[in-house]
Amino acid sequence: MKTKTFFLLLFLSLSSFSMFAQTDMKAEEAKVLSLLKQLRSKDENINREVVAIQFEKTLKTVLSKKESWNYRFPELRTYISVATSDDKKIRTFGWDSLTGGSWHALRSFIQFKFGDKIHVVSLQDEKPMDEEEGNNILADAVILEIYPFGKGYLFEAYGTYGSGHHHKVLAYFELNQEALVRKAIFENDEVVYVFKIARKYKFDLLVNPEKATITHSEFLLDADSGFFLPTGKKVVLTFDGKQFIKQLKNEKP
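Quick note on the working numbering: the sequence shown kicks off at -11 and runs consecutively.
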C-alpha cells in the first residue's frame, strides 16, 4: 500500500507540475492580450503610443521563453496574425496597433529556434523608415504567409498607409544558425519586392514556390488621380537560379 501511495502521490505531483507549466503560459498570454485590448479600446484616456511599446516589449519577452515554442497562443491568434512554416522552424506574429483614428501601425515578429535558445526578431528595421526616401517597404507590414523556397523562406506581408493605398511586400530569409539573414533575390539586387495599389482594388498576388514564380496584376501611379491603378498587364517574376526576373504580359480579356 505504501508503494502504491508513493507512486500515486508522484503521479499527482507530476500532473500538477505539468498543469502549472500550461497555466503559466496561459498567464503569459493573458498579459499580452490585456495590453492588446487596451491598445484596441476606445478609452480616450489611454496613451496608445506608450501601450504600443509595452505590448511589443511584453510580446517579445513572452516569445523568447522556451515554453512559448510549443504553445499555440489560442486566444492571441484570434486578434493577430500568426503564421507557421511547413517545417515548423519559424513562426511569425503580426499585429496592428491602431494607435488612433484611422492611423495604422503594423508590426511583425519572427520567432525561430536554434538549439535550446529561442530567438525573436522584428521584420521592421530598428529605426523608423522614411517613406519619402523610398525606404518604407518593410515599415507597417504584417506577415501573412510563409513559403518554403530554396534554402530559406519567402515571407508575404501586407501593409497600408494613408492616401488610399495598401501594399504587399515579399522578402526572402535564410536561417544561419542563430541569425535570420535577409538576402537579395529580386532583380537589381533588391532584398524585398513591393507593390502598391489603391485600396478599392483587391490583391491577386500568387506565389508558387514549386514553379519558382510570382504573379500579380500591374499597378502604376496615375499622375492625374494620384492613385496606383491597373494597367491591364500581368507581372510575372521568374526565378533564374539567382534572382526573380520581372516580365510583363497582357492579362486575358
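Ideal placement from N, C-alpha and C gives every residue a C-beta, glycine not left out.
Exercise. Can you name the start and end residues of the beta strand (DSSP E) that residue 248 belongs to?
Worked result: A query on residue 248 cannot be resolved here, the shown segment of the chain reaching from -11 to 241 and no further.
Problem set entry | Secondary structure of residue 210, DSSP reduced to three states | Sequence index remark: in the sequence shown, residue 210 carries index 222 (1-based). Residue state, collapsed to three classes: coil.
Exercise. Buried or exposed: which applies to residue 99, given that a residue is buried once 16 or more other Cβ atoms fall within 10 Å of its Cβ?
Worked result: Within the sequence shown, numbered from 1, the residue matching residue 99 stands at position 111. Under the 10 Å beta carbon count, residue 99 is surrounded by 16 or more other beta carbons and is classified as buried.
For this session: Rounded to whole angstroms, what's the CA-CA distance from residue 153 to residue 217? Just pull it up for me.
Result: As a working mapping, residue 153 is identified with position 165 in the sequence shown. As a working mapping, residue 217 is identified with position 229 in the sequence shown. Looking at the two C-alpha atoms, the distance is approximately 10 Å.
For this session: Drop a sphere of 10 angstroms on the beta-carbon of residue 39, count the other beta-carbons inside from all chains shown, and report buried for 16 or more, exposed for fewer.
Result: Position 51 of the sequence shown, counting from 1, holds the residue named residue 39. Within 10 angstroms of the beta-carbon of residue 39 lie 16 or more other beta-carbons, which makes it buried.
For this session: Identify whether residue 93 lies in helix, strand or coil by the three-state DSSP scheme.
Result: Counted from its first residue, the sequence shown places residue 93 at position 105. Residue state, collapsed to three classes: coil.
For this session: Could you have a look at residue 63 and say whether DSSP puts it in helix, strand or coil?
Result: Position 75 of the sequence shown, counted from the start, is the residue given in the question as residue 63. Residue 63 falls in the coil class under three-state DSSP.
Exercise. For residue 136, which option in 109, 78, 130, 155 has the closest C-alpha, if you only look at C-alpha atoms?
Worked result: Start at 1 with the first residue of the sequence shown, and residue 136 comes out as number 148. When only C-alpha atoms are compared, the closest one is 78.
For this session: For the segment 12 to 87, list the alpha helix (DSSP H) runs that are entirely contained and at least 4 residues long, ordered along the chain.
Result: Runs found: 36 to 51.
Exercise. Can you pull the DSSP bridge partners for residue 196?
Worked result: The residue given as residue 196 occupies position 208 in the sequence shown. According to DSSP, which records beta bridges pairwise, residue 196 is partnered with 201.
For this session: For residue 21, I'd like the list of residues in its chain whose CB is within less than 8 Å of its CB, leaving aside the five on either flank, ordered along the chain.
Result: One-based indexing of the sequence shown puts residue 21 at position 33. Taken in chain order, the residues that qualify are 63, 64, 67.
For this session: Locate the beta strand (DSSP E) running through residue 147, then write down its first and last residues.
Result: Your numbering for residue 147 matches position 159 in the sequence shown. From DSSP, the beta strand (DSSP E) with residue 147 extends over 140 to 148.
Exercise. Within this structure, are the beta carbons of residue 109 and residue 168 separated by less than 7 Å?
Worked result: By one-based count along the sequence shown, residue 109 stands at place 121. By one-based count along the sequence shown, residue 168 stands at place 180. With respect to residue 168, residue 109 sits close: the two C-beta atoms are nearer than 7 Å.
Problem set entry | Closest by C-alpha distance to residue 146, when choosing among 173, 101, 56, 111 | Counted from its first residue, the sequence shown places residue 146 at position 158. Of 173, 101, 56, 111, the smallest CA-CA separation from residue 146 is found for 111.
Problem set entry | Cβ of residue 222 within 7 Å of any chain D Cβ | Here chain D cannot be found, since the structure has a single protein chain.
Exercise. Can we count residue 131 as close to the ligand ATP, meaning its CB is less than 6 Å from some heavy atom?
Worked result: Although the ligand ATP was asked about, the structure shown includes no ligands whatsoever.
Exercise. How many angstroms separate the CA atom of residue 11 from the CA atom of residue 51?
Worked result: Here residue 11 refers to the residue found at position 23 when the sequence shown is read from its first residue. Here residue 51 refers to the residue found at position 63 when the sequence shown is read from its first residue. Bear in mind that the predicted position of residue 11 carries a pLDDT of just 46, short of 50, making it unreliable; the figure below should be weighed with that in mind. For residue 11 and residue 51, the distance between alpha carbons rounds to 16 Å.
Problem set entry | CB of residue 204 within 7 Å of CB of residue 223, strictly | Taking the first residue of the sequence shown as 1, we reach residue 204 at position 216. Taking the first residue of the sequence shown as 1, we reach residue 223 at position 235. A Cβ-Cβ contact shorter than 7 Å links residue 204 with residue 223.
For this session: Would you tell me roughly how many angstroms separate the C-alpha atoms of residue 19 and residue 94, rounded to the nearest one?
Result: Taking the sequence shown and counting its residues from 1, one reaches residue 19 at position 31. Taking the sequence shown and counting its residues from 1, one reaches residue 94 at position 106. Cα atoms of residue 19 and residue 94: separation of roughly 20 Å, rounded to the nearest angstrom.
Exercise. Helix or strand or just coil, what does DSSP make of residue 175?
Worked result: In the sequence shown, counting from the first residue as 1, residue 175 sits at position 187. When DSSP states are grouped into helix, strand and coil, residue 175 belongs to the helix group.
Problem set entry | Closest Cα partner of residue 221 within the set 192, 164, 104 | Locating residue 221 in the sequence shown gives position 233, where the first residue counts as 1. Among 192, 164, 104, the Cα nearest to that of residue 221 is on 192.
Exercise. Between which two residues does the beta strand (DSSP E) carrying residue 188 extend?
Worked result: Residue numbering aside, residue 188 sits at position 200 when the sequence shown is read from its first letter. That residue, residue 188, is in no beta strand (DSSP E); it is neither H nor E in DSSP.
Exercise. How is residue 151 classed by DSSP in three states: helix, strand or coil?
Worked result: Translated into the one-based positions of the sequence shown, residue 151 becomes position 163. Coil.
Exercise. Expressed to the nearest angstrom, what Euclidean distance is found between the alpha-carbon atoms of residue 151 and residue 206?
Worked result: Taking the sequence shown and counting its residues from 1, the one referred to as residue 151 is at position 163. Taking the sequence shown and counting its residues from 1, the one referred to as residue 206 is at position 218. If I take the Cα positions, the gap works out to 19 Å.
For this session: Could you tell me if residue 41 is buried or exposed, where buried requires 16 or more neighbouring beta carbons within 10 angstroms of its beta carbon?
Result: The count along the sequence shown starts at 1 and reaches residue 41 at position 53. It is exposed - the Cβ of residue 41 has fewer than 16 other Cβ atoms within 10 Å.
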